[in-house]
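*Asks:* The opening residue of the sequence shown carries number 5 in our numbering; numbering runs sequentially from there.
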Amino acid sequence: MGWLDRVPDQVDALRQARALMMRSKSADACLVLDQVLETTKEPAARADALVQRLSAVLNLGRTAEYAAAVDQALECAREVGDPYILGHAHALAALAAHHQGALDRCVTHFVQSASYLGRVQDPDGDTAWGWHDLAMAYSYLSFHGYALGAIERARQLGTAAGLPEELFAAPGIRLRNAVALDHSGDSDGCLRVLRDIGVDLCRFLDADGGVRLRPSTVTAYGYAAARRSALGEEVDDRVDVLALLAAGGDGARARDLRQLGDVCVAIGAGRPIEALARLGTITISPQTLGAAEPERLRSLTFARAGDHAAAHRADRHAFRLAAQRSDRLQTVYVDGIAAQIEREELRRTAAQYAGEALTDPLTGLPNRRQLERYVAAMVARGERAVIGVCDLDGFKAVNTEHGHHSGDLVLQRIAGVIHRVMRRGDFVARYGGDEFVVVLPGAGMAEATEVARRIAVAVGAEDWHALVPGTPVGVSVGFAEVNGSGPALRDALGQAFEIADREMLRAKRRPRAAS
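1. Measuring CB atoms only, is the stretch 221 to 240 touching the stretch 262 to 273, in the sense that at least three cross pairs come out at less than 8 Å?
2. So, helix, strand or coil for Gly482, using DSSP?
3. In this structure, does DSSP put Ile288 in helix, strand or coil?
4. Under three-state DSSP, which class holds Pro219?
5. Tell me, to the nearest whole angstrom, how far the beta carbon of Thr367 is from that of Arg434; I am working on the premise that it is less than 8 Å.
6. Which residues does DSSP pair with Gly392 in a beta bridge?
7. Going by DSSP, what residues sit across from Ala433 in a beta bridge?
8. Going by alpha carbons, who is nearest to Leu64 out of His316, Arg257, Tyr150 and Arg196?
9. Tell me the DSSP bridge mates of Asp397?
10. Quick check on DSSP: helix, strand or coil for Thr453?
11. What three-state label does DSSP hand Thr43 in the structure shown?
12. Which same chain residues end up closer than 8 Å to Gln104 when comparing Cβ atoms and leaving out the 5 residues on each side of it in sequence?
13. Using 8 Å for Cβ pairs, my map puts Gly478 next to Val463. What's the rounded Cβ distance?
14. Figure out for me which residue from His136, Leu167 and Thr163 has the closest Cα to the Cα of Arg178.
15. Could you have a look at Thr367 and say whether DSSP puts it in helix, strand or coil?
16. So, helix, strand or coil for Lys29, using DSSP?
17. Which value, in whole angstroms, describes the spacing of the CA atoms of Arg513 and Asn487?
18. Just checking Ala465 against the ligand NAP - is the residue's beta carbon closer than 7 Å to any of the ligand's heavy atoms?
19. What residue range is occupied by the uninterrupted alpha helix (DSSP H) comprising Pro87?
20. Suppose you measure from the CA of Gln225 to the CA of Val472; what does that come to, to the nearest Å?
21. What separation, rounded to the nearest whole angstrom, lies between the Cα atoms of Ala73 and Arg180?
22. Within a Cβ cutoff of 8 Å, which residues of the same chain sit near Met449, ignoring the five residues on either side of it in sequence?
23. Distance check for Asn403 and Arg159, CA to CA, integer angstroms please.
24. Should Pro298 be labelled buried (16 or more other beta-carbon atoms within 10 Å of its own) or exposed?
25. Can you tell me which of the three DSSP states Leu209 falls into?
26. Since Gly91 contacts Ser59 with CB under 8 Å, what's their CB separation in whole angstroms?
27. Three or more C-beta pairs closer than 8 Å, one from the stretch 380 to 388 and one from the stretch 504 to 511: is that the case here?
28. Check for me: the alpha helix (DSSP H) holding Arg242 runs from which residue to which?
29. Are the beta-carbon atoms belonging to Leu152 and Leu107 less than 8 Å from one another?
30. Return yes when the Cβ of Ala165 is within less than 8 Å of the Cβ of Asp204, no when it is not.
31. Let me know the secondary structure DSSP gives Gln56 once reduced to three states.
32. Quick one: give me the first and last residue of the alpha helix (DSSP H) that Glu156 is part of.
33. Candidates Leu217, Met140 and Asp52: which alpha carbon is nearest Glu27's?
34. Is the stretch 441 to 456 close to the stretch 162 to 176, with three or more CB pairs under 8 Å?
35. For the putative contact between Leu62 and Leu37, defined by C-beta atoms under 8 Å, what is the C-beta separation to the nearest angstrom?
36. What three-state label does DSSP hand Gln125 in the structure shown?
The structure is reproduced here in C-alpha cells:
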C-alpha cells in the first residue's frame with residue numbers, strides 16, 4: 005500500500021496537482037492545492053498538499069514564500085509522522101534552505117530526509133519522487149556523488165512502480181556534475197558526462213519523439229547540447245538545441261538555463277560579440293549551475309574571439325569561485341551538524357550525531373555509514389553484486405612532501421575520477437583515509453575488470469605533477485564477487501570485502517610498468 009492509498013480525503017485533487025506538476029504547470033498546481041487546503045482538515049491530505057505546494061513554490065522561484073511554506077509543510081508532516089511525507093518534506097526544505105543561502109540548515113535537512121526515506125516500509129512512486137528531490141538538493145549543494153546515488157535509488161523505485169524511465173533520467177543533476185568538472189579544469193570529464201546526457205536524449209527521441217520527457221528536464225537536455233557546442237564539439241543533427249531551450253515550463257531554473265543556453269549557442273556558432281552582450285545583460289541565480297558558470301562561459305567567449313589573455317583571466321576567476329564554494333561547503337557541513345545538535349538533539353553528543361552524517365564532507369561521496377546502509381539494503385533485496393576496494397599509491401609521500409592540504413586536494417580529485425568512470429547505478433564511497441569502496445550491483449567479474457581498468461587509466465591520465473610535483477599518484481584496485489543468497493548473503497558480502505581487500509594488496513605489490 006503506497007502513500008496515497010493511505011490518504012482518506014481529496015485524493016483525486018492531489019493526483020491532479022501531481023499531473024500538473026509533471027507538465028511543469030506549477031502555478032496551476034498551486035491553485036488546486038490551495039483549494040484542497042481550504043476544504044479539508046484531514047492531516048494526511050493537508051500534509052500532502054503542503055509538501056506539493058512547497059515543491060511548486062520552489063519551481064516558481066517565489067522566494068518570499070519559502071520560509072512559510074517550509075514551516076507549514078514540516079509542521080503538518082510531523083503531525084502525520086509518516087516516513088515518506090517527512091522525508092519528502094525535508095528534501096524540499098533542503099532545497100529551500102540552499103536557495104536562501106542557509107547551507108547549515110540545508111545539510112541538516114539532508115541528514116533527516118535520507119533517514120526518513122530510508123525507513124519507508126512500502127516504497128512507491130511517491131517515495132521515488134522523494135528520493136528524486138533529495139538528489140536534486142544534493143546536486144545543488146555540489147555533493148554530486150551522493151546526488152547520483154540518490155537519483156539511482158529514485159530510478160529503481162520508479163521502475164518498480166511502473167513509471168517511465170525518462171522521469172528519472174535526471175539530466176539536470178548530471179548537467180551540474182558536468183559543469184562542476186569543467187569549472188575545476190576537467191573539460192574532458194565534462195564532455196564525457198554531456199555526451200552521456202546526449203545519448204539518453206537521442207534514445208528517448210528515437211523511441212517516441214520524446215513525448216514522455218518532463219518539460220522541466222527538456223531545457224536541461226538543451227543546455228547540455230548547447231554547452232557541448234560551446235566547448236567546440238558538434239551535436240547530433242537530431243537534436244534541435246533552440247527548440248529544447250525554448251521548452252521547459254514555468255520554472256525559474258528553466259529560465260536561467262534558457263538564457264545561459266543562448267550564450268552557449270552564440271559561442272558555438274562563432275558569434276562572440278553576441279555572447280558577450282548576452283552575458284552582460286542577464287541575471288542568473290548562482291544556485292542554477294554554480295556562480296562560476298557565467299565566468300566560465302565568458303572565458304570560452306574570449307577564447308573564441310582570440311583574446312586569450314582575457315580568456316585566461318575569466319577562467320581563473322571561474323576557478324576561484326568554484327574553489328571558494330568547495331571550501332565553504334566543507335566548513336558549512338561541520339557547522340550544519342553542530343547547529344542541528346544545538347536545535348534538535350541537545351541530549352546527544354557531537355560524536356554520536358557525527359555518526360549520523362551520510363556524506364563525506366571532503367569528497368562529497370557517501371561515507372562508510374552510508375555504504376553500510378546501502379549494503380544492508382542490498383542484503384534485504386537479495387541482490388548479487390561485485391565489491392571493489394581502491395587504495396591510493398604514493399599518498400603518504402604526498403602528505404609528507406606537500407602537506408595535508410595538498411593531500412585533501414588529491415583525495416578530492418581521486419574521488420571525482422573514480423566516480424566519473426563508474427557505470428550508471430554503481431555506488432562509490434570513501435571508506436576512510438585514502439581508501440575508497442565501489443559496489444557494482446548486478447555485475448560479474450568481467451564488468452569489474454573493465455571498471456578496474458577504467459579507474460587505473462583515468463587516474464594515470466591525471467596531471468599529478470601540476471598538483472603535487474615530484475610525487476606521482478596511482479591506485480591499486482581489488483574486486484571480488486558476492487557469492488550467496490538469502491540469509492547467507494550478509495556473510496557473503498563480508499567475505500567478498502575481505503577478498504577484494506586482499507586482491508587490492510596483491511595489486512599494490514605487483515611491479516608497475518615504467519611510464
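Glycine is no exception: its CB is placed at the ideal position from the N, C-alpha and C atoms.
*Replies:* A quick look at the data gives this:
1. The stretch 221 to 240 vs the stretch 262 to 273: in contact.
2. The three-state secondary structure of Gly482, taken from DSSP, is strand.
3. DSSP places Ile288 outside both helix and strand once states are collapsed to three, so it counts as coil.
4. In this structure, Pro219 counts as helix in the three-state DSSP scheme.
5. Between Arg434 and Thr367 the Cβ distance is about 5 Å, and since that is below 8 Å, they are a contact.
6. Gly392 is bridged to Val442 and Phe483.
7. Paired residue(s): Val441.
8. If you compare the alpha carbons of His316, Arg257, Tyr150 and Arg196 with that of Leu64, the shortest gap goes to Arg257.
9. Beta-bridge pairing links Asp397 to Gly478.
10. In the structure shown, the three-state DSSP call for Thr453 is helix.
11. In the structure shown, the three-state DSSP call for Thr43 is helix.
12. Thr67, Tyr70 and Ala71.
13. Right, the Cβ-Cβ distance comes to about 6 Å (below 8 Å), so this counts as a contact.
14. Comparing Cα positions, the closest option is His136.
15. Coil at Thr367, not helix or strand.
16. Coil, per DSSP.
17. Between Arg513 and Asn487, the C-alpha separation is close to 26 Å.
18. Among the ligands in the structure shown, none appear at all, so the ligand NAP cannot be discussed.
19. Pro87 to His103 is the span of the alpha helix (DSSP H), which, as asked, contains Pro87.
20. Contrary to the premise, residue 225 reads as Tyr rather than Gln in this sequence. If you take the alpha carbons of Tyr225 and Val472, they lie about 37 Å apart.
21. Rounded to whole angstroms, Ala73 to Arg180 spans 26 Å at the Cα level.
22. Correct list, in chain order: Val390, Phe483 and Glu485.
23. About 40 Å.
24. Label assigned to Pro298: buried.
25. Taken through DSSP and simplified to helix, strand or coil, Leu209 comes out as helix.
26. About 13 Å; that fails the 8 Å criterion.
27. Touching, no, given that fewer than three Cβ pairs across the two stretches are closer than 8 Å.
28. Note, Arg242: premise wrong, no alpha helix (DSSP H); not H, not E.
29. Contact: no.
30. The answer is no: Cβ separation not under 8 Å.
31. Helix.
32. Per DSSP, Glu156 belongs to the alpha helix (DSSP H) from His148 to Ala164.
33. One detail in the question is off: residue 27 reads as Arg in this sequence, not Glu. Here the closest residue by C-alpha is Leu217.
34. With the rule of 3 Cβ pairs closer than 8 Å, the stretch 441 to 456 does not count as touching the stretch 162 to 176.
35. Their Cβ separation, rounded to whole angstroms, is 13 Å, which puts Leu62 and Leu37 out of contact at 8 Å.
36. When DSSP states are grouped into helix, strand and coil, Gln125 belongs to the coil group.
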